[in-house]
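Take a look at the structure below.
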Amino acid sequence: MADQPANRPPPDEPAPDPDADLIAYLDGELDGPEVQEVEARLALDPAARTRADSYKKTFDLLDHLPRPEPSLDFATRTLTRLLPATRDELQTARSGASSSRVARRSRLWVWLVAGGLAAAGGYVAHFALRPAAGHTDELSYADVRVIENLPLYLGVDDLEFLRVLDDPELFAPSLVTGAGRTDVSRPDAPPVNREKLETLYTSYPAARRQQLRDLDQQLREVPASQREHLVRVLEGYAVWLDQLTDADRREVLAAADADARLDTVRRVKERAWRDSLPAKARDQLKLVASDQERLGLVETRKVAEHARQEEWQLARRQWDDLRPDRKPWPFSDPDLARGVDEYIRTVLKVDPSVRPEGKGDLPAAWRVTPAEYADLRVRHLAAANGGGGWDWFSYGLVVHRLSQKHPYLPPFDDRKPLTDATTLPLPLVRELRAKGGLQLNEKRWTRGKWPEFALEVDAAADRARVKLAEKLGPSRPGEFSPAVNVLLDGLLPMLTPDERVGLEKLEGEWPEYPRAVVRLAQKHDLSISGVTLPGRPSLWTRYYSLAPHKE
Amino acid sequence: MTGQTSALMALRDPDIRLMLRVREADDRQAFAELVGRYQHRLVAVMNHLVGRPDEAEDLAQEVFLRVYRTRQKYTPKAKFATWLFAIANNLALNALRDRRRKRVVSLDPPDPNASGPWQTDQLVSDRGQPPTQNLQQVELAAVIRQALDQLNDRQRMAVVLNKFEDLNYAEIAEVMGLTTKAVKSLLSRARSRLRECLMPYVYMDGEAPPKSQADDGGD
Numbered sequence: 029m030a031d032q033p034a035n036r037p038p039p040d041e042p043a044p045d046p047d048a049d050l051i052a053y054l055d056g057e058l059d060g061p062e063v064q065e066v067e068a069r070l071a072l073d074p075a076a077r078t079r080a081d082s083y084k085k086t087f088d089l090l091d092h093l094p095r096p097e098p099s100l101d102f103a104t105r106t107l108t109r110l111l112p113a114t115r116d117e118l119q120t121a122r123s124g125a126s127s128s129r130v131a132r133r134s135r136l137w138v139w140l141v142a143g144g145l146a147a148a149g150g151y152v153a154h155f156a157l158r159p160a161a162g163h164t165d166e167l168s169y170a171d172v173r174v175i176e177n178l179p180l181y182l183g184v185d186d187l188e189f190l191r192v193l194d195d196p197e198l199f200a201p202s203l204v205t206g207a208g209r210t211d212v213s214r215p216d217a218p219p220v221n222r223e224k225l226e227t228l229y230t231s232y233p234a235a236r237r238q239q240l241r242d243l244d245q246q247l248r249e250v251p252a253s254q255r256e257h258l259v260r261v262l263e264g265y266a267v268w269l270d271q272l273t274d275a276d277r278r279e280v281l282a283a284a285d286a287d288a289r290l291d292t293v294r295r296v297k298e299r300a301w302r303d304s305l306p307a308k309a310r311d312q313l314k315l316v317a318s319d320q321e322r323l324g325l326v327e328t329r330k331v332a333e334h335a336r337q338e339e340w341q342l343a344r345r346q347w348d349d350l351r352p353d354r355k356p357w358p359f360s361d362p363d364l365a366r367g368v369d370e371y372i373r374t375v376l377k378v379d380p381s382v383r384p385e386g387k388g389d390l391p392a393a394w395r396v397t398p399a400e401y402a403d404l405r406v407r408h409l410a411a412a413n414g415g416g417g418w419d420w421f422s423y424g425l426v427v428h429r430l431s432q433k434h435p436y437l438p439p440f441d442d443r444k445p446l447t448d449a450t451t452l453p454l455p456l457v458r459e460l461r462a463k464g465g466l467q468l469n470e471k472r473w474t475r476g477k478w479p480e481f482a483l484e485v486d487a488a489a490d491r492a493r494v495k496l497a498e499k500l501g502p503s504r505p506g507e508f509s510p511a512v513n514v515l516l517d518g519l520l521p522m523l524t525p526d527e528r529v530g531l532e533k534l535e536g537e538w539p540e541y542p543r544a545v546v547r548l549a550q551k552h553d554l555s556i557s558g559v560t561l562p563g564r565p566s567l568w569t570r571y572y573s574l575a576p577h578k579e
Numbered sequence: 000m001t002g003q004t005s006a007l008m009a010l011r012d013p014d015i016r017l018m019l020r021v022r023e024a025d026d027r028q029a030f031a032e033l034v035g036r037y038q039h040r041l042v043a044v045m046n047h048l049v050g051r052p053d054e055a056e057d058l059a060q061e062v063f064l065r066v067y068r069t070r071q072k073y074t075p076k077a078k079f080a081t082w083l084f085a086i087a088n089n090l091a092l093n094a095l096r097d098r099r100r101k102r103v104v105s106l107d108p109p110d111p112n113a114s115g116p117w118q119t120d121q122l123v124s125d126r127g128q129p130p131t132q133n134l135q136q137v138e139l140a141a142v143i144r145q146a147l148d149q150l151n152d153r154q155r156m157a158v159v160l161n162k163f164e165d166l167n168y169a170e171i172a173e174v175m176g177l178t179t180k181a182v183k184s185l186l187s188r189a190r191s192r193l194r195e196c197l198m199p200y201v202y203m204d205g206e207a208p209p210k211s212q213a214d215d216g217g218d
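Right, dumping it as structure tokens:
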């Protein structure tokens, strides 16, 4: 081992220990004859049984120890410490970089071929069960093309099957890893491997060979950009197959048809995912009695894992731009940084720099949940207290996420926003109550919050067919704050004729009109002061969102 | 170890593949991926070993940095996790030895969320009072921590790897640079010690101790 511990302890030869075998038995570490010996002892000796029981129970008690999680910025801090060293080392290694890249690609090819040949055993076995349609001695050009790509096509039925694999839960390439990839050529297979592939291919029944030729042809007919994407799905799938145990790989390849193969792929992936969980989490899953509860736990864990992965992907996208001594956009611009603070205070209605007073209910006006606030506060403090680029990036991520989750609508300029039943006309409250639309006196999450409360009243009135005498928020130019009116003045000339007509049709409609204003401002890359995040929306998307910018 | 064998091992263990990318191309994305995958396990193991969250994170960070610094020397001979925990074992045992040597008296108040030998005297000693469920859990965790602290460093390491990382004896032997037989003995003595310390707490939920307990001659 490369970094073998330097302080290897002196030989620790065991002293005779009467219970060593008993404990090894409990740990499942004994072989056949030893197991029988211990079991015979347990059968005859009640004291040994009691001791075995107490060993087990006292060891189980260790499960009560809390298992601390690393702090939120642990990975960031660790990686940030590496940056200077990495830069220096990259400088010194620059001259050998290109040769090492070629070497790496070549090795990937060898892996694919090696894995492909190993995997082929299953397919051969599978097809051996079917009547072979005979062999062709002469290979066509289409055959040669298939042979070149055979390591990628193993385990693929057809294009439709491949498209199903193109799923984030399966083998869809991540948006990030694909973003910067320009060199898509693959090295040629070494001649010796090509011969093996040819032998393998010609050993297939005619039906399978035809299936592979069809797949190859279909792939060539899709547009080039899509083809490259699908080839990367194929690569991911091929590498995954390589990593499987022989038994798992055989299970995938020997499936009766495409549907059964997909089921097997999903099952094997699920199993691998469970096996990759920390021991504690695996135990937790084992202990849960009901399937529904187990599914719930799996789902919760997957959601958390997905969120972590998304953050990682975003962080990796900006890896080279993030430096301990430099704040990322928008925090690098003092005006925008102040704008973000302002947005959090006036739109999300929280202040992450101040811990709320008292221990009772949280302020009703808060538009974020307590858990979201805690996350925001932790990241804010990390960034504001001398944090590096990563801390600010992490803070930006959560601010952007909250802005997406809790979209805001501009309130009236000259009226208090509608945030609870006391600000509604009494006849409306009575009518809503009478028609069962909304029990406004009950404790609701939306109380105290704009625009959430107004949106709920609007929806309830709609459900109960109650006509609102007045709109619950501004729904035409001139009813907004001066800042929003200025934005509208700037936005209108930018709109296409269709957009302008569409917006005019919505005048007088709430919440449709302000929603359309916010959407069009976003589309034309404008920020609305006091409503949306400061700075160009496209930059927020570029730096803080994995989702492609949607028009 | 031939290049062919390491390539085969790499095919089986995705983490080895990542580490080979780090070794061969200084691939920082691959390294970041490894940190992401192992940070939870490593911090938890370190915390069980040293008993202080801040020190555990420092040590875990040092393990990752050492992995990166020694990347050029890396040769896949076992699972990546085994190599990682071997480095962790080395660093943790050194840190614990240094701590004993220095016997530094910290000026900081003890972390109420931490557990460790320095909190031994803070344990609730009066078990006659029915504690709330929450207090009971906190107290129980402290008692277990105290029992773990009764083990020597290597026993504690073996127990932590066995219990929380599900490593079998052979894997623990590889991590700690011992024979499998020595690990068996180490764990046996550790489990006996834990049993001595924790027996009074095994039946604390109201379940009566087995009748034969009184007759148990122990070890």
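For the protein sequence lines, the chains are Y and E, in the order given. The first sequence begins at 29 in the working numbering and counts up one residue at a time. The second sequence begins at 0 in the working numbering and counts up one residue at a time. Yeah, the Cβ is synthetic: ideal placement off N, Cα and C, and Gly gets one too.
C-alpha gap between residue i and residue j, whole angstroms
{"i": "Y:A462", "j": "Y:L452", "result": "15 angstroms"}
{"i": "Y:E370", "j": "Y:V406", "result": "18 angstroms"}
{"i": "E:L166", "j": "E:L92", "result": "18 angstroms"}
{"i": "Y:T227", "j": "Y:D244", "result": "18 angstroms"}
{"i": "E:F84", "j": "E:P52", "result": "18 angstroms"}
{"i": "E:E138", "j": "Y:D91", "result": "14 angstroms"}
{"i": "E:L147", "j": "E:A31", "result": "32 angstroms"}
{"i": "Y:L404", "j": "Y:V368", "result": "13 angstroms"}
{"i": "Y:T569", "j": "Y:Y181", "result": "36 angstroms"}
{"i": "Y:Y83", "j": "Y:N413", "result": "48 angstroms"}
{"i": "Y:E249", "j": "Y:G183", "result": "21 angstroms"}
{"i": "Y:L483", "j": "Y:V375", "result": "16 angstroms"}
{"i": "E:E170", "j": "E:R65", "result": "21 angstroms"}
{"i": "Y:R66", "j": "Y:D49", "result": "Reading off the sequence shown, one finds Val at residue 66 of chain Y, where the question assumed Arg. Those two C-alpha atoms are separated by around 7 angstroms."}
{"i": "E:R100", "j": "E:E164", "result": "29 angstroms"}
{"i": "Y:L519", "j": "Y:A399", "result": "36 angstroms"}
{"i": "Y:G415", "j": "Y:D311", "result": "37 angstroms"}
{"i": "E:R190", "j": "Y:Q64", "result": "22 angstroms"}
Nearest-angstrom beta carbon gap, residue j and residue i [assumed within contact, 8 angstroms]
{"i": "Y:G558", "j": "Y:S503", "result": "That pair is no contact at about 18 angstroms."}
{"i": "Y:P98", "j": "E:Q38", "result": "5 angstroms"}
{"i": "Y:G464", "j": "Y:A393", "result": "In fact, because the Cβ distance is near 28 angstroms, the residues do not count as touching under 8 angstroms."}
{"i": "E:Q228", "j": "E:R22", "result": "Since the displayed chain E opens at 0 and closes at 218, residue 228 of chain E lies outside it and no answer follows."}
{"i": "E:K162", "j": "Y:F87", "result": "7 angstroms"}
{"i": "Y:W418", "j": "Y:T108", "result": "6 angstroms"}
Whether residue i touches residue j by CB criterion (8 angstroms)
{"i": "E:L33", "j": "E:D14", "result": "yes"}
{"i": "E:L95", "j": "E:E61", "result": "no"}
{"i": "Y:V396", "j": "Y:L430", "result": "yes"}
{"i": "Y:L290", "j": "Y:L225", "result": "no"}
{"i": "Y:A497", "j": "Y:L460", "result": "no"}
{"i": "Y:K495", "j": "Y:W538", "result": "no"}
{"i": "E:L186", "j": "E:A157", "result": "yes"}
{"i": "Y:L313", "j": "Y:R302", "result": "yes"}
{"i": "E:I143", "j": "E:L197", "result": "yes"}
Same chain, Cβ closer than 7 angstroms to residue i, five either side skipped, listed in chain order
{"i": "Y:V261", "result": "L190, L193, D194, F199, A200 and P201"}
{"i": "Y:D47", "result": "R79"}
{"i": "Y:L118", "result": "Bear in mind that a pLDDT of 33 at Y:L118, under 50, signals an unreliable position, so the number given afterwards is only what the model happens to contain. Hits under 7 angstroms: none found."}
Same chain, Cβ closer than 8 angstroms to residue i, neighbours up to 5 away in sequence not counted
{"i": "Y:A402", "result": "none"}
{"i": "E:T119", "result": "Residue confidence is low: E:T119 scores 31 on pLDDT, short of 50, so the model does not pin down where it sits. No coordinate-derived value is stated."}
{"i": "Y:A89", "result": "Looking at the sequence itself, residue 89 of chain Y is Leu, so the reference to Ala does not match. No residues qualify anywhere along the chain."}
{"i": "Y:L567", "result": "W357 and P358"}
Cβ shell of residue i (< 6 angstroms), same chain only, five flanking positions each side left out
{"i": "Y:L534", "result": "E540, Y541 and A544"}
{"i": "Y:D15", "result": "Nothing about residue 15 of chain Y can be reported from this structure: the residues present for chain Y run from 29 to 579 only."}
{"i": "Y:V174", "result": "L240, R241 and D244"}
{"i": "Y:D186", "result": "L243"}
{"i": "Y:L516", "result": "P505"}
{"i": "Y:K377", "result": "A393, W394 and R395"}
Worksheet item: Taking three-plus beta-carbon pairs below 8 angstroms as touching, is the region 543 to 561 of chain Y in contact with the region 426 to 440 of chain Y?
Response: Judged by Cβ distances under 8 angstroms, the region 543 to 561 of chain Y makes contact with the region 426 to 440 of chain Y, as three or more pairs qualify.
Worksheet item: Would you say the region 523 to 530 of chain Y touches the region 473 to 493 of chain Y, given that touching needs at least three Cβ pairs under 8 angstroms?
Response: Too few Cβ pairs lie closer than 8 angstroms, so no.
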